[in-house]
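Below is one structure, written out as structure tokens; the observations come after it.
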Amino acid sequence: MPTGTERLIWAQGSPSTLRAITTTIRGVKLTLAAAVCWENYMPLLRFSLYSQNVNLYLAPTADARSTWLPLMRTIAFESRAFVLSANQCVRRKHLPEWITSSPPSTSTSTSTPPPPLTNETPTTAESINVHTTSSQETAHHLPPISQHAAVPDPDEFVCRGGSCIVGPDGTVLAGPLWEDEDGLLSVEVDFEDCERGRLDLDLAGSYGRGDAFRLEVEGLDISPPV
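Numbering-wise, the numbering used here puts 191 at position 202 of the sequence shown, and it's gapless, one number per residue.
In structure tokens form, the structure reads like this:
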């Protein structure tokens, strides 16, 4: 789901891309799926992944706000899955030139005369004097205009990172990793913790009250993959 001005470039994705997949890592069969960035703020989208018995939930993002980690903990607790969230850590000097370069200066040439007045009200000397005086008084109280804009610090972080790993009970197992360009998070986990957690809370199972609530997603089978 493109957010904000991203809609100027990208269209909405197909619901079919939310299908979970299964794989085996070190002899352990896993069901994993991903939601990108602010898609994780969409409760129905999250539940469509929970319904597929995901035990490895991937949440790449560009959101370095302090509100992101609580969201990841909530998702882990709701889904009873391990949550991996990766975010970029970028300094201003690493941005491409088309972003960091200054905009071209606009011409201030006065060779072209201003267009004639179209107001039908006659312009008198008195009205000109009043207008000029008012402008001068206003300008007197305005702060001076800076001739040079502040130069941004090339070492400033434009995105501070915040990658993290969260366990199925909402415990932060690693991270968040802030302002570390080369950092790597790793942790050994037991995926049986997902099943143990669902004995307590299984939002897509018995706790979800399927007799009362039902979610259908157009173009997506939300039953657990085989």
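We treat Cβ as the ideally placed atom computed from N, Cα and C, and that holds for glycine.
Proximal residues to residue i (C-beta, below 7 Å), its chain only, five neighbours per side dropped
i	result
A9	T20, L21, A22, L38, Q41, V43 and P214
T50	C26, W57, S74 and N76
Candidates the options: closest to residue i by CA position
i	options	result
R81	E145, Y196 and C183	E145
S74	C26, D142, T(-6) and T(-8)	C26
G151	P143, L166, G159 and P157	L166
A193	E168, Y30 and I211	I211
F71	R15, F180 and W57	F180
E205	F36, N29, R62 and V161	F36
L162	S90, P32, I(-2) and M61	M61
G164	S3, D200 and S55	S55
S91	M31, R203 and A139	A139
G186	S68, E170 and L174	S68
P4	G(-7), I(-2), A24 and E(-5)	A24
DSSP-derived helix/strand/coil call for residue i
i	result
G151	strand
T56	coil
N29	helix
S(-1)	Checking the sequence, you will find Trp at residue -1 rather than Ser. The answer is coil: DSSP assigns W(-1) none of H, G, I, E or B.
G164	strand
T6	helix
F180	coil
A65	helix
Cβ distance (whole Å) where residue i is taken to contact residue j below 8 Å
i	j	result
L84	V147	7 Å
A53	I64	Going by Cβ atoms, the distance from A53 to I64 rounds to 17 Å, so no, they are not a contact pair.
Neighbourhood of residue i by C-beta distance below 8 Å, restricted to the same chain and skipping five residues each side
i	result
D142	R81
G172	C78, G150, S152 and L166
F66	P157, D158, G159 and L190
T13	L19
Own chain, CB closer than 6 Å to residue i, minus 5 neighbours either side, in chain order
i	result
V119	The predicted position of V119 is uncertain, since its pLDDT is 46 and thus under 50; no value can be drawn from it.
L7	S37 and L209
### Message
Please give me, in chain order, every unbroken run of the alpha helix (DSSP H) with length at least 4 that falls completely inside the stretch 181 to 205.
### Response
181 to 189
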